[in-house]
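If you're matching them up, the sequences are chains A and B in order. Residue numbering for the first sequence follows the working numbering, beginning at 542 and increasing consecutively. Residue numbering for the second sequence follows the working numbering, beginning at 22 and increasing consecutively. Even glycine gets a Cβ: it sits at the ideal position worked out from N, Cα and C. Values in this document were obtained by computation on a predicted structure and should not be read as measured data.
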Amino acid sequence: MSAATSSQYRRRLAWKQPWIWPLVGVVIVLIITIIVSGRSPASNIEAALQQGGIVVMLGLGQMFLITAGNGNVDLSMPGVITLAGFAGIDVAANEHSILLGLLAAIGVGLATGAVNVGLIQGIGIPPIVATLATGLILDSVILSVGASSAVTPKALHSFSVGRFLNVPNVAWVALGMSIIAAVLLHKTIFGRTVVAIGQNRKAAVRSGLKVRSALMACYLISGLCAGVAGLLLSAMTGASIDIGTPFLLVSIAVVVLGGSRIRGGRSNVIGIWVGSILLNVLLTLFYSLHLSSAYQYIAEGVIVVVVLAGAADREGFTQ
Amino acid sequence: MSERPSKVRDRGASAPERREPAGRLARAAFPSGLSGPSSGGAVMQALGRIDRGPLLAVAAAIGLYAWLSVLEPDALSYQGFTLTLATTMPLMFVAISQLILVSLGDLDLGNGYSLGLANVVSAIILPKHALIGFGALALIVVAYAGMGALVQWRSLPAIIVTLGASFVWLGLALLVAPSPGGSSPAWLTSLANWNPPLIPLPLLVALVVAVLGTLVVVRLRAGVMLRAAGSNPAAARSFGISIGTVRVLAYTAAGLAIVIGGLLLTGLTQSGDPNASGDFTLMSVAAVILGGAEFRGGRTPVVGAVFGALALTLVSPLLSALSVPSNYQTGAVGVVLVLVIAGRRLLQR
């Protein structure tokens, strides 16, 4: 076979997809699960989708920012998750309306996103520091309001842990958000602008794209995703002060695992699903083996670094 | 702007065939401006080259301390100073570690947890098996060197490598110490609580780190290479500097600073806690930014990072003295950070 045809042939193969190695990882973990437990891994997959749905929503938010490159990232996400959980559940319980609760949670996210944009575009603070500062401020707000938390309304709790067609409701919500995100990213001028900014910001500005408003929208989207995820997460387990903390690392990790280019300019929505399912089937496996969470952390960290190192050749991370 | 070292050109031009392009390359590597050689001794020369960036952190630290002293006159005593600022020592070293990476254009999003690992290793293993303990601490340094190599030779973004590594640090720390506990070796306790004559220990450490660090960065070949590699890697490379070597050495130094910080933390708290030091990551970023470093690299304001750490440590006792509920303390750090950068941006205009 000549070199040309072989490369054409390769291009058609699924394993050229950037998320193929994480997918292989999922299969390996599931095989280990079957061997170890001797049962079908269906319940593990379901548990992974429950928690994974939340992670997907967060990953989508980070994906828009990471795709826009230039150091854009949302470090205030854990704060939004936690505060949106408190606010959403509080409003839902007091006003007896889940819709109002959802609006409150989204409001927290959008407000935080707006503050982030103000700091970044208004004052010129680098995104990492700006969102870090907003996150610190949110932590204080959470500590002040956290003492007065309402009981999660029953309907909201049973929705958040419920299933439809054997798939957790949370995963359906995440699927809906993923489809919207994919359409936004691939089919709209806004999406193309975000990708263009990530590939070459100067060129995007010169070609007359609305760079500033696109970036603004990215931060608002990130806040919105974190708000929805925060409400559902808190509805699942009850709002608590540090519920969002573990999700910062994970939200960025799934974007990278899924094959989005970490320096921006290329993104992959399906990859976010594969990445978050990988991390969560692993978590469930470790849980069913009664292993300490220590091993789970080590495995997650090693996976992120190894997948990244393996992907580097094709991805061309250098600028 | 800052006076950039004539020394750089001298060293770079030491090989005769490089003499001609050296000046041009030095200008390319240090775009922030060059001027004639400064006179005076080594320290004065070093001081002359400090840019205005760190001044803000120094002013913030002094200003906050003055404010605190007005509210709590005891803070001005030797013992008051030591008590108020003791906790700054670990943060100072974590900030230095962060600064080394930031000056290369990298960022360590896991140093809170690597500090936690150094903390539990020195609190759990070190008191019982000194040799194994030191071996484990050395392995942390080796792991940092490994991260540097990975970032360099696989062209990986440092943020994600250090983020992934932070999971590993936390996991290892939890294996060593599933729950907080342990104790500090006697020598470490007395070292971290040493009362030197006249100057309180935190201030002494701050001054020594600031002066030594600045001298290393400005005078030593390693420091010059670090700044060149961070400022303009392409120019530095054509200058004969191996970016890979610089990065691995820089990560090694960063790991060493983390281990020192972890030892000091153990000496001060007398125990190891895998989860207690997660906040150090964000605080170290804040300290470095307060100190005048820039994310795109090339700037190494050691004085700024040290005093940035001091200033951030002061926020908490100051708010206590003002009887602000402790809930607002982390938020205050965020507000300070925003105000500082906003102020700096306004001054630059």
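Identify the continuous alpha helix (DSSP H) that holds residue i and give its terminal residues.
i	result
A:K743	R742 to R747
A:Q591	A583 to T608
A:F700	K695 to V702
B:G293	B:G293 -> no alpha helix (DSSP H), and no H or E assigned at all.
B:S118	T109 to V123
B:Q173	A151 to W174
A:H637	Taken as a continuous stretch (DSSP letters only), A:H637 belongs to no alpha helix (DSSP H), as it is neither H nor E.
A:R753	V752 to T778
A:F827	V810 to S829
A:F788	F788 to L798
B:F372	Residue 372 of chain B lies beyond the stretch modelled for chain B, which goes from 22 to 370, so this question has no answer here.
B:A213	A207 to A213
B:F102	Y99 to L106
B:A134	Note on identity: in this sequence residue 134 of chain B is Tyr, with Ala being the wrong assignment. Unbroken alpha helix (DSSP H) run through B:Y134: N132 to V141.
Taking CB distances under 8 Å as the criterion, tell me whether residue i reaches chain B.
i	result
A:T825	no
A:A628	no
A:S833	yes
A:I576	no
A:V596	no
A:Y760	no
A:G650	no
A:I720	no
A:A776	no
A:L640	no
A:I661	no
A:V658	no
A:V846	yes
A:G599	The residue you asked about is not Gly; residue 599 of chain A is Leu in the sequence shown. Chain B, which has no Cβ nearer than 8 Å to the Cβ of A:L599, makes this no.
Where residue i and residue j are concerned, what is the direct C-alpha to C-alpha distance, given to the nearest angstrom?
i	j	result
A:A850	B:S176	8 Å
A:S834	A:Y828	8 Å
A:V822	A:G717	22 Å
A:A588	B:L92	54 Å
B:S60	B:V239	Caution is warranted here: a pLDDT of 43 is assigned to B:S60, below 50, making its placement in the model unreliable, and no coordinate value can be reported.
A:V843	B:V189	7 Å
A:A715	A:L832	29 Å
A:L641	A:L697	12 Å
B:A307	A:V670	7 Å
A:S638	A:S781	21 Å
B:F114	B:L130	15 Å
Along chain B, which residues have their Cβ under 7 Å away from the Cβ of residue i?
i	result
A:D680	T351 and G352
A:A674	G355, L358 and V359
A:V843	V189
A:L790	L184, S187 and F188
Shorter than 8 Å from the beta carbon of residue i to some beta carbon of chain A?
i	result
B:R258	no
B:P199	yes
B:L161	Strictly speaking, residue 161 of chain B in this sequence is Ile, with Leu absent from that position. No, because no Cβ of chain A sits closer than 8 Å to the Cβ of B:I161.
B:P52	Summary for B:P52: the model assigns pLDDT 44, below 50, so the residue's position carries little reliability; its value from the coordinates is reported in the next sentence. Closer than 8 Å: no.
B:L120	no
B:G355	yes
B:R366	yes
B:G333	Looking at the sequence provided, one finds Leu at residue 333 of chain B rather than Gly. No - not a single Cβ of chain A is within 8 Å of the one on B:L333.
B:G192	yes
B:L125	no
Show which residues of chain A have a CB atom less than 8 Å away from the CB atom of residue i.
i	result
B:G312	Those within 8 Å of B:G312 in chain A number zero; the least Cβ separation is about 12 Å.
B:F114	Correct list: empty, because the minimum Cβ distance to chain A is about 20 Å.
B:L363	According to the sequence as given, residue 363 of chain B is Ala; it is not Leu. Under the 8 Å cutoff, chain A gives I664 and I666.
Report the neighbours of residue i on chain B: residues whose CB is nearer than 8 Å to its CB, in chain order.
i	result
A:S685	P346, N348 and Y349
A:G612	F316
A:Y838	F188, V189, L191, G192 and L195
Nearer than 7 Å: is that true of the beta carbon of residue i relative to any heavy atom of the ligand FMN?
i	result
A:L684	What this structure holds is no ligand at all, so the ligand FMN is not there to describe.
Could you work out which residues of chain A lie near residue i, taking near to mean beta carbons separated by less than 9 Å?
i	result
B:P178	V797, I803, R804, L849 and F858
Interface residues of chain B around residue i at Cβ under 9 Å?
i	result
A:G785	Residues of chain B passing the Cβ test: none, with the nearest at roughly 13 Å.
A:A794	I181, L184, G185 and F188
A:V670	V306, A307, I310, F316, L358, V359 and I362
Contact the stretch 140–148 of chain B vs the stretch 204–223 of chain B: 3+ CB pairs below 8 Å:
Touching, per the Cβ criterion.
Three or more C-beta pairs closer than 8 Å, one from the stretch 190–208 of chain B and one from the stretch 136–144 of chain B: is that the case here?
The answer is yes - the stretch 136–144 of chain B touches the stretch 190–208 of chain B, with three or more Cβ pairs under 8 Å.
For the stretch 104–122 of chain B against the stretch 212–224 of chain B, do three or more pairs of beta-carbon atoms, one drawn from each stretch, fall closer than 8 Å, so that the two count as touching?
Because the criterion of three Cβ pairs below 8 Å is met, the stretch 104–122 of chain B and the stretch 212–224 of chain B touch.
Three or more beta-carbon pairs under 8 Å between the stretch 760–777 of chain A and the stretch 559–578 of chain A, yes or no?
Between the stretch 760–777 of chain A and the stretch 559–578 of chain A there are fewer than three inter-stretch CB-CB distances shorter than 8 Å, so the stretches are not counted as touching.
The stretch 240–249 of chain B / the stretch 257–270 of chain B touching (three or more Cβ pairs under 8 Å):
Enough Cβ pairs lie closer than 8 Å, so yes.
Pairs of beta-carbons, one from the stretch 255–262 of chain B and one from the stretch 85–105 of chain B, closer than 8 Å: are there three or more?
No, the stretch 255–262 of chain B is not in contact with the stretch 85–105 of chain B.
Can you confirm whether the stretch 784–794 of chain A touches the stretch 613–629 of chain A when touching is taken to mean that 3 or more C-beta pairs between the two stretches lie within less than 8 Å?
The count of Cβ pairs closer than 8 Å, one atom from the stretch 613–629 of chain A and one from the stretch 784–794 of chain A, reaches three, so the stretches are in contact.
Using a Cβ distance threshold of 8 Å, determine whether the stretch 730–748 of chain A contacts the stretch 574–592 of chain A, with at least three qualifying pairs required.
Note that the stretch 730–748 of chain A does not touch the stretch 574–592 of chain A; fewer than 3 beta-carbon pairs, one per stretch, sit closer than 8 Å.
Any 3 or more C-beta pairs closer than 8 Å across the stretch 812–819 of chain A and the stretch 596–605 of chain A
Yes: the two stretches touch, three or more of their Cβ pairs being nearer than 8 Å.
Determine contact between the stretch 793–801 of chain A and the stretch 178–189 of chain B, defined as no fewer than three beta-carbon pairs at a distance below 8 Å.
Touching, per the Cβ criterion.
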